[in-house]
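The block underneath contains the structure these notes are about, expressed in structure tokens.
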Amino acid sequence: EHERIEAKLIKAEGALVALKAEVTAMRANACSDDNEQLQGIKQLLDNKERVTVHHAFSLHNMTSSDNGMQLHLVLKFRYDVSCIALFGAEKPEKDVEKKYGDAHRLFPYCIFNSVEETPISWTYQLNESGEVNERIELFTTVTNVKYMRYYPFVLKLLNLKVGTDGTAKT
């Protein structure tokens with residue numbers, strides 16, 4: 002009986018050593034993958050052709066609907082006038098322009114979780130230093146996430162992700 006238990010113990014120790022080696026290899030692989038991703042991000046951020054676009058938004062109103070959340074949203078973009086060509090757009094003739102009810106934009110943004118957008122206004126302003134201030138006011142319906150794990154308590158989360166739509170050189 003003692004020999005049988007000792008044999009099981011030796012077998013278990015061998016399995017433990019093999020498991021430790023496998024975990025070590027998995028950690029090394031994960032670190033390598035993370036390092037490759039970090040190097041890729043660093044390469045993109047250090048690209049000399051990269052331009053800066055400052056972004057801000059304000060949320061004026063929000064209501065719940067069957068499709069998600071309806072937002073009254075204002076998006077604000079600030080960038081150098083030379084960026085307009087990179088966006089695949091044409092510089093407006095006047096230094097200040099305002100349009101109502103049209104879907105108009107120079108910066109090619111995308112609200113990734115939007116299922117519907119209704120434009121209210123668009124404003125373009127070029128200041129003396131060559132900086133563009135672009136303001137887009139709209140109503141949009143965005144998807145939301147509901148966690149019902151502890152029902153009847155429901156946690157609703159609103160994600161708002163804005164980025165470029167990939168047109169021209171964005």
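So for the sequence shown, my numbering puts the first residue at 2; every next one is plus one. Just so it is clear, CB atoms sit at the ideal spot from N, CA and C, and this is done for glycine as well.
Counting along the chain, where does the beta strand (DSSP E) carrying Leu159 start and finish? Leu156 to Leu159
Rounded separation between Phe88 and Glu135 - CA only: 13 Å
Identity of the residue in Tyr110, Ser122 and Gly102 nearest Gly164 by Cα: Per the Cα distances, Tyr110.
In three-state DSSP terms, what is Asn145? strand
For the region 69 to 87 against the region 120 to 139, are there 3 or more C-beta pairs whose distance is under 8 Å? Of all C-beta pairs linking the region 69 to 87 to the region 120 to 139, three or more are shorter than 8 Å, placing the two stretches in contact.
According to DSSP, what are the bridge partners of Ala16? Within the DSSP bridge table, the entry for Ala16 names no partner.
Hey, quick one: how far does the beta strand (DSSP E) through Ala104 stretch, first residue to last? From DSSP, Ala104 is part of no beta strand (DSSP E); its letter is neither H nor E.
Sequence-distant residues of its chain with Cβ nearer than 6 Å to Glu117 (five each side left out): Result list for Glu117: Thr142, in chain order.
Residue range of the beta strand (DSSP E) that includes Ala90: Neither: Ala90 is in no beta strand (DSSP E) and is coded neither H nor E.
Any idea what DSSP makes of Lys77, helix, strand or coil? strand
Do you know offhand how far Asn128's Cα is from Met70's? 35 Å
Give the DSSP-derived three-state secondary structure of Ala22 in the structure shown. helix
CA-to-CA distance, Asn68 to Arg150, given in whole angstroms: Roughly 21 Å separates the two Cα atoms.
Phe113, buried or exposed, once every other Cβ within 10 Å from all chains shown has been counted against 16: exposed
Cross-strand partners of Asn62 (DSSP beta bridge): His73
With DSSP collapsed to three states, give me the class of Ala29. Correct three-state label for Ala29: helix.
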